Structure formats: C-alpha cells, structure tokens
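According to the working numbering, numbering within the sequence shown proceeds without interruption in unit steps and concludes at 138.
Glycine included, every Cβ here is placed at the ideal spot set by N, Cα and C.
Just so you know, these numbers come straight off a predicted model, no measurement behind them.
Notes to accompany the following structure.
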Amino acid sequence: MSDLIVINKCDGNNIEESIKAKNEFKLALQLFPIKSSNWKPKVVTCSSIKKEGLENIWDCINEYVSLTKKNNYFFENRIHQNKTNLLNIINESLRISFFNKKSVDINLDKLFKEIEQQKITVFEASQKILSQI
C-alpha cells in the first residue's frame, strides 16, 4: 500500500478529472486498516507544468518521516529492509555463481520439456540440478 498517492497533470482540462480521481482514491483508502506505521495515506494533486502542489508533496513526505521516526517505525522498517536486501543479494549472488560454474551442466530446456510431459516433477528437476553442486 502506498503512503502517498500523487495525481499529476492537475491543470488545464484535467483539473476536474484530477479532483474526481483524488476523491475516489481517498474513499478507497478508507477501506484499508490503519497501517502499522500509524500513518494514514494521503492523496494530493499537483501540476508540474504550473508548478503547483509540489511543496505539498514535500510537506507530506516530511510529515511521514517525522511521524515514523517518532514512533520508531522508520528505523524498524529500515532494519527489516536491510535484512531483506541482504537475503536478496545472497540469493542473487548464489544464483549467478551457480549458473556460471563450469562444472554444472544444466540443460534447462530438456528439464522444462520433461516437466511439461509430466515425466518428472519440478522437485525432481531441481534435485537433478542441485545434485551437481
């Protein structure tokens, strides 16, 4: 779920539609429970052509940062993000390292075909690959 929804192009012939969209998003957001950060997502409009609403966007961002730092959500979330990022980096590095190993001879097309033809299961195919480590 977004913390801030910005509807751009609120200028010219789009003003009425932008305001309508803003109100519809506000109504939709009321259906969601309060976030663990205690932040209630906001919906704002802006026009980059007319340079209107940009300060309001920054105000919302600063308000969010201030609230979440006060209630410690900002820091707890950063710790969670760092843990997730670490695992993602490890997973990606292992994947790249595995597929770049010269000793690993994988014919994925053959395994895909065997799975399609139901000759082997996905688990069995993965075991064939992992047994080469």
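Beta-carbon proximity of residue i to residue j, cut-off 8 Å
i: residue 43; j: residue 76; result: yes
i: residue 109; j: residue 103; result: yes
i: residue 45; j: residue 39; result: yes
i: residue 13; j: residue 53; result: yes
i: residue 11; j: residue 95; result: no
Nearest-angstrom beta carbon gap, residue j and residue i [assumed within contact, 8 Å]
i: residue 51; j: residue 57; result: 6 Å
Length of the line joining the Cα atoms of residue i and residue j
i: residue 120; j: residue 126; result: 6 Å
i: residue 22; j: residue 48; result: 14 Å
i: residue 69; j: residue 33; result: 20 Å
i: residue 29; j: residue 112; result: 51 Å
i: residue 83; j: residue 93; result: 15 Å
Best match in the options for proximity to residue i [C-alpha to C-alpha]
i: residue 15; options: 8, 9 and 27; result: 27
Problem - beta strand (DSSP E) segments (min. 3 residues) lying fully within the segment 45 to 83 - result: Scanning the segment 45 to 83 from its first residue to its last, the whole beta strand (DSSP E) runs of 3-plus residues come out as 47 to 50.
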